[in-house]
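Chemist: Below you will find the structure I want to go over with you.
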Amino acid sequence: MVDTTAETDVTSLISGFEQLADRFVSGLFARFAALSDVPVELENLRASLAAGGTSLLGLLFEIVLVVALVAGVFILLARRFKKASAKTSAWRRFFAGVAAAVVALVIGFIAARLLAGSGVPLQTLRLWTVATVLGLIILAAVRSLLMASRRTEFAERSAHLAALVHDLSLAIGLALIGVTLFATLRLWSVGPALADLLRTGLGIPIYLLFAWAVWRHRPTLAAAVAGPRPRSRWRTRLAKMWPAIVIAFLIITFLSTQAALTLGASLRGSAVLLTALMFLAAPHLDAMIGNWAQRGLESPDISILAAAGRQTARFTVVAIMIAMLGTLWATPLAAGFGIDLREVAKGASGVALIILGAAFLWNVVGTGTTRALRAELPAVASEEEELGAPRSRLGTLVPLLSAVGKSSIVALALLSILVSIGVNVWPLIAGLSVFGLAIGFGSQTLVKDLVSGLFFLIDDAFRFGEYIETSGAKGTVEKISVRSVSLRHQRGALATIPYGEIGKIQNFSRDWMIEKLTFRVAFDTDVEKVRKIFKKIGQDISANPELAGDLLAPFKSQGIGEVEDGTLVIRAKFMAKAGKHFMIRRAVLLAVHQAFQENGIKAVPKPLTSNPGA
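Per UniProt numbering, the sequence shown starts with residue 1, numbered consecutively.
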């Protein structure tokens, strides 16, 4: 029964591909055959214009006049508003640009009314008025987006960026003219052959101009995508590959558009252009939103929810771009296979909302974790000290809680997605529960490690960055997982110990420690003189600003500890913060060595024990 169903599915799939291929071939022949109707449709267009009392040349002159008037008014007002609001906020400059666009639209509509009385000619002039204002806004946005990198380390490439913006503006302007021209032809109800010829004839130079601009300025484009240093590895790789990705995208978009025309499910030119602009601007927009989100993360005045919302905005931009690209590419195939796009869009919207909600919760956990860890680091410490210093109990538990929280969010999001697409998840949950129960009974050692680790963390036995010694290893705590702890030895070796095998723990980095030192001197040494020397050394070290902060009790003599073979063993000690005694010990030993030489005190080496049986 299963084999029969599989064969039926394969047969249906092959049949669908065959029908799609037949439709594509027949549509291609139909497009070529329709070229013979172009002269007839062009003559019909002229006759239609003449019947309305408008000549083709006169309409073109009116369009050029309206476009020039609207563009001149918009540019003039935008420059004046920019100078007047140069020192104001970005929002005021934005509203100033909106005001310039509104004024230009009003003047354009008035001019269109005066030049063309009513009817389709008036609608045509209004269409070109709106397209001109939108085009200028898009070109200004693209210019601002690309030229924003001049304020970073790429300021020396300002001229190259200006050239890139110039070439891309030409390509975008030609694309806007093509889209508006096609909308004008639809407004005048031209035939399909003429519309197809103009769409394809204008599409080829537009795509070639885009590809030429990207290829010509590929180093500049890659540098703009990479952004300022420091850069992540994936960002550097994306920047190097971005020009090739853009050119491949242009090729695929052109082929997809032509395939849609051939299959009779043409894509709207405005949607194609908007998708192309979104794809080209995505990395630059991501960099701007990333900087905005980073400022929100670092600012204590912005709440955790607001900062998480800023970070989720980056994911939202990527989701919108993927949705637009999917709509562009999937529409022809869906039409060829007879798939209902409304149902697909409805299901995809539900999945997208679940993913966005999960991304927001993920960023809430991440933002809370980052701020909690930053609050634990000393504000005046250097970066190296921050990385190497032992963390507090909160700084140790927060990463583990964050990992558990993020894992739970991912699991719930996956289950919710399966439920939204109609998958029954209860058998899966039951199977996982039985599987987990079997693992629990069969892996008693694992359970022991998990439970022991839980109690170690509750008891606050160790933290990140602390130096501890267990029954099997010693070193600095470098990693804490739910099952084991990793210790980095001072010689570099990394030991991973399951919690169930740790046993006794000695923590050398908690609170304070007493360092005891032993000095062997000659039997006739003046002990009182040594005591005064040690006291002076203790006072000098206590006055040292680099060491005083870590010193809890000054270095001082404890007198004669014992006498060995005519040698005095003098002991001394000091108290310091845990893990901070190494520099103090080094300074004490150096000072004692110099003081002994200056005062003629002779240190006696410890006698070597001989082996009687040798």
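All C-beta atoms in this analysis are idealised placements derived from N, C-alpha and C, irrespective of residue type, glycine included.
Being a predicted model, the structure only gives us computed values, none of them experimental.
How many whole angstroms separate the CB atoms of Lys-573 and Leu-517, which I take to be in contact at a CB cut-off of 8 Å?
Modeler: One-based indexing of the sequence shown puts residue 573 at position 573. One-based indexing of the sequence shown puts residue 517 at position 517. Confirmed, about 7 Å.
Chemist: Mapping DSSP to helix, strand and coil, what is Leu-69?
Modeler: Numbered from its first residue, the sequence shown carries residue 69 at position 69. Residue state, collapsed to three classes: helix.
Chemist: Quick check on Ser-484: does DSSP put it in helix, strand or coil?
Modeler: Position 484 of the sequence shown, counting from 1, holds the residue named residue 484. Strand.
Chemist: Return the Cβ separation of Phe-508 and Tyr-467 in integer angstroms, given the expectation that the two are a contact with Cβ distance under 8 Å.
Modeler: Start at 1 with the first residue of the sequence shown, and residue 508 comes out as number 508. Start at 1 with the first residue of the sequence shown, and residue 467 comes out as number 467. The pair is a contact, with the Cβ atoms about 5 Å apart (cut-off 8 Å).
Chemist: Rounded to the nearest angstrom, what separates Ser-484 and Leu-285 at their Cα positions?
Modeler: If you number the sequence shown from 1, residue 484 lands on position 484. If you number the sequence shown from 1, residue 285 lands on position 285. Ser-484 and Leu-285: Cα-Cα distance of roughly 42 Å.
Chemist: Go through its chain and collect everything with a Cβ distance to His-489's Cβ below 6 Å, but skip five positions before and after it.
Modeler: Numbered from 1 along the sequence shown, position 489 holds the residue referred to as residue 489. Hits under 6 Å: Gly-475.
Chemist: Let me know the secondary structure DSSP gives Ser-26 once reduced to three states.
Modeler: Here residue 26 corresponds to residue number 26 of the sequence shown, with the count starting at 1. Note: Ser-26 maps to helix in three-state DSSP.
Chemist: Closer than 8 Å by C-beta to Ala-140: which residues in its own chain qualify, once you throw out the five before and the five after it? Chain order, please.
Modeler: For the purposes of this step, residue 140 is taken as the residue at position 140 of the sequence shown. Ala-78, Gly-97.
Chemist: Does DSSP put Ile-172 in a helix, in a strand, or in coil?
Modeler: The residue labelled residue 172 in the question sits at position 172 within the sequence shown. Three-state DSSP puts Ile-172 in a helix.
Chemist: I'd like to check one pair, Glu-298 with Val-190: are the Cβ atoms closer than 7 Å?
Modeler: Walking along the sequence shown from the start, residue 190 turns up at place 190. Walking along the sequence shown from the start, residue 298 turns up at place 298. Against a cut-off of 7 Å, the Cβ pair of Glu-298 and Val-190 comes out as no contact.
Chemist: Measure from the alpha carbon of Ala-358 to the alpha carbon of each residue in Gly-405, Phe-24, Gly-549, then state which is nearest.
Modeler: Residue 358 sits at position 358 when you count from the first residue of the sequence shown. Among Gly-405, Phe-24, Gly-549, the Cα nearest to that of Ala-358 is on Gly-405.
Chemist: Would you report the Cα separation of Asn-44 and Gly-309, rounded to the nearest angstrom?
Modeler: Position 44 of the sequence shown, counting from 1, holds the residue named residue 44. Position 309 of the sequence shown, counting from 1, holds the residue named residue 309. About 55 Å.
Chemist: Is Ser-349 helix, strand or coil when you go by DSSP?
Modeler: As a working mapping, residue 349 is identified with position 349 in the sequence shown. The answer is helix: DSSP assigns Ser-349 an H, G or I state.
Chemist: Along the chain, where does the beta strand (DSSP E) containing Trp-188 start, and where does it finish?
Modeler: For the purposes of this step, residue 188 is taken as residue 188 along the sequence shown, with counting starting at 1. Segment: none, Trp-188 is in no beta strand (DSSP E) and carries neither H nor E.
Chemist: Looking at C-alpha atoms only, which residue of Val-102, Glu-564, Leu-181 is the closest neighbour of Phe-519?
Modeler: Taking the sequence shown and counting its residues from 1, one reaches residue 519 at position 519. It is Glu-564 whose Cα lies nearest to the Cα of Phe-519.
Chemist: Does the separation of the CB atoms of Phe-74 and Ala-104 fall below 7 Å?
Modeler: On the sequence shown, residue 74 is found 74 positions in, with the first residue counted as 1. On the sequence shown, residue 104 is found 104 positions in, with the first residue counted as 1. Yes, the Cβ-Cβ distance between Phe-74 and Ala-104 is below 7 Å.
Chemist: Checking 7 Å against the spacing of the C-beta atoms, do Ser-557 and Arg-531 come in under that value?
Modeler: For the purposes of this step, residue 557 is taken as the residue at position 557 of the sequence shown. For the purposes of this step, residue 531 is taken as the residue at position 531 of the sequence shown. Cβ atoms of Ser-557 and Arg-531: closer than 7 Å.
Chemist: Within its chain, find whatever has a CB closer than 7 Å to the CB of Ala-553; leave out the 5 residues flanking it on each side and keep chain order.
Modeler: In the sequence shown, residue 553 corresponds to position 553, counting from 1. Answer for Ala-553: Phe-574, Met-575, listed in chain order.
Chemist: Give every residue of the same chain whose Cβ lies closer than 7 Å to the Cβ of Trp-292, excluding the five residues on either side of it in the sequence, and list them in chain order.
Modeler: Sequence index remark: in the sequence shown, residue 292 carries index 292 (1-based). For Trp-292, where only same-chain residues beyond five positions count, the Cβ hits under 7 Å are Arg-310.
Chemist: Kindly list the residues whose CB is nearer than 8 Å to the CB of Ala-493, restricted to its own chain and excluding five residues on each side of it in sequence; keep chain order.
Modeler: The count along the sequence shown starts at 1 and reaches residue 493 at position 493. Answer for Ala-493: Gly-475, listed in chain order.
Chemist: Thr-518 bridges to which residues according to DSSP?
Modeler: Within the sequence shown, numbered from 1, the residue matching residue 518 stands at position 518. Note: Thr-518 sits in a beta bridge opposite Arg-571.
Chemist: What number of angstroms, rounded off, separates the C-alpha of Val-365 from the C-alpha of Val-410?
Modeler: Numbered from its first residue, the sequence shown carries residue 365 at position 365. Numbered from its first residue, the sequence shown carries residue 410 at position 410. Distance between the alpha carbons of Val-365 and Val-410 is about 12 Å.
Chemist: What span of residues does the alpha helix (DSSP H) with Ala-578 cover, start to end?
Modeler: Locating residue 578 in the sequence shown gives position 578, where the first residue counts as 1. Element bounds for Ala-578: n/a, residue is neither H nor E.
Chemist: For the beta strand (DSSP E) holding Ala-553, just list the boundary residues, first then last.
Modeler: Indexing the sequence shown from 1 puts residue 553 at position 553. 551 to 564 is the span of the beta strand (DSSP E), which, as asked, contains Ala-553.
Chemist: Flag this pair as yes or no: are the beta carbons of Lys-577 and Asp-550 separated by less than 7 Å?
Modeler: In the sequence shown, counting from the first residue as 1, residue 577 sits at position 577. In the sequence shown, counting from the first residue as 1, residue 550 sits at position 550. Contact flag set, yes.
Chemist: Identify the continuous alpha helix (DSSP H) that holds Ile-252 and give its terminal residues.
Modeler: Counting from 1 along the sequence shown, the entry for residue 252 is found at position 252. Here the alpha helix (DSSP H) through Ile-252 covers 233 to 262.
Chemist: Could you check whether the region 121 to 138 touches the region 58 to 72, counting it as contact only if at least three pairs of C-beta atoms, one from each stretch, sit closer than 8 Å?
Modeler: Touching, per the Cβ criterion.
Chemist: In whole angstroms, give me the CA-to-CA distance for Ser-416 and Ser-408.
Modeler: Within the sequence shown, the letter at position 416 stands for residue 416. Within the sequence shown, the letter at position 408 stands for residue 408. Each residue's alpha carbon lies about 12 Å from the other.
Chemist: In the DSSP assignment, what are the bridge partners of Asp-469?
Modeler: Start at 1 with the first residue of the sequence shown, and residue 469 comes out as number 469. For the record, residue 469 in the displayed sequence is Glu; it is not Asp. Looking at the DSSP assignment, Glu-469 forms a beta bridge with Lys-474, Gln-506.
Chemist: Is Ile-417 a contact residue of the ligand GTP, with contact defined as CB to any heavy atom under 6 Å?
Modeler: Ligands displayed in this structure: none; no statement on the ligand GTP is therefore possible.
Chemist: DSSP three-state call for Thr-525: helix, strand or coil?
Modeler: Taking the first residue of the sequence shown as 1, we reach residue 525 at position 525. Three-state DSSP puts Thr-525 in coil, outside helix and strand.
Chemist: Is Leu-164 closer than 7 Å to Tyr-207 when the C-beta atoms are compared?
Modeler: Counting from 1 along the sequence shown, the entry for residue 207 is found at position 207. Counting from 1 along the sequence shown, the entry for residue 164 is found at position 164. No, the Cβ-Cβ distance between Tyr-207 and Leu-164 is not below 7 Å.
Chemist: Following the continuous beta strand (DSSP E) through Pro-498, name the residue where it begins and the one where it ends.
Modeler: Locating residue 498 in the sequence shown gives position 498, counting from the first residue. Start and end: 494 to 498.
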